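Residues 125 to 269, numbered by our numbering, are exactly what the sequence shown covers, in order. Virtual Cβ for every residue (Gly too), placed ideally from N, Cα, C. Being a predicted model, the structure only gives us computed values, none of them experimental. Working notes for the structure below.
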Amino acid sequence: MGDMSVVKILGGQRLLGRRVMNPLDLADVVEAGLPRQAADRLQQRLDWSEGELAKGLGVSGKTLQRIGKDTDARLTPAQSDRLFRLARIVGFAEEVFEDSERAHRWLKEPQRGLGNRTPLSLLGTEAGAREVEDLLGRIEYGVFS
125 MGDMSVVKIL GGQRLLGRRV MNPLDLADVV EAGLPRQAAD RLQQRLDWSE GELAKGLGVS
185 GKTLQRIGKD TDARLTPAQS DRLFRLARIV GFAEEVFEDS ERAHRWLKEP QRGLGNRTPL
245 SLLGTEAGAR EVEDLLGRIE YGVFS
């Protein structure tokens, strides 16, 4: 899953407000705070409720409401990092399963290779995200666990 695919999932360079030519550019965008609209794009892609989006970003529903929905609203760097992580895993799952619906369903279902946890429940930490990526890699190469 390339960084440009993640940029596309988050709404593209136009929505992000600057050109993203390499991973360092993307790191700068995340550090500056992604636009709230990027979170809305991922929410629509996954068909999530506001509550599910809030949980994915590691914030309360009230905090998400405070961020607002206007075009200038930005996430904090920590929230942006979580959004980037979510988009990266969603993109990788879509790539592995070659079917976005199937990938989104897989992300929400308990997986034996993750101790019967759902992949989405593990994305709050980098360590959990790595486990999900590892399992996706095993699925991609036909090594099931």
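Endpoints, the alpha helix (DSSP H) within which residue i is located
i, result
"THR187", "185-191"
"LEU148", "147-156"
"GLY182", "Note, GLY182: premise wrong, no alpha helix (DSSP H); not H, not E."
"LEU139", "136-140"
"VAL267", "From DSSP, VAL267 is part of no alpha helix (DSSP H); its letter is neither H nor E."
"PRO201", "201-221"
"ARG226", "224-232"
"SER173", "Element bounds for SER173: n/a, residue is neither H nor E."
"VAL130", "127-133"
DSSP-derived helix/strand/coil call for residue i
i, result
"PRO159", "strand"
"ARG241", "strand"
"ARG198", "strand"
Own chain residues within Cβ distance below 7 Å of residue i, not counting five before or after
i, result
"VAL153", "LEU140, ARG142, VAL144"
"GLY175", "GLY185"
"LEU210", "LEU166, GLY180, LEU247"
Beta carbon of residue i nearer than 7 Å to that of residue j
i, j, result
"ARG170", "ALA178", "With the sequence shown as reference, residue 170 is identified as Leu, and Arg is not the correct amino acid for it. Cβ atoms of LEU170 and ALA178: not closer than 7 Å."
"VAL131", "GLY215", "no"
"ALA156", "LEU134", "no"
"LEU259", "ALA217", "no"
"ARG206", "GLY182", "yes"
Beta-carbon contacts of residue i that lie in its chain and below 8 Å, excluding the five residues immediately before and after
i, result
"ARG241", "PRO234, GLN235"
"ASP97", "Residue 97 lies beyond the residue range present for the chain, which begins at 125 and ends at 269; the question has no answer from this structure."
"GLU250", "ARG209"
Own chain, CB closer than 6 Å to residue i, minus 5 neighbours either side, in chain order
i, result
"VAL256", "ILE213, PRO243, LEU246"
"ASP164", "none"
Among the options, the one whose alpha carbon lies nearest that of residue i
i, options, result
"GLY252", "LEU231, ALA197, PHE221", "LEU231"
"GLY192", "ILE263, TYR265, ARG226, ARG160", "ARG160"
"ARG262", "GLU225, PHE221, SER173, GLN203", "PHE221"
"SER224", "GLY237, GLN168, ARG190", "GLN168"
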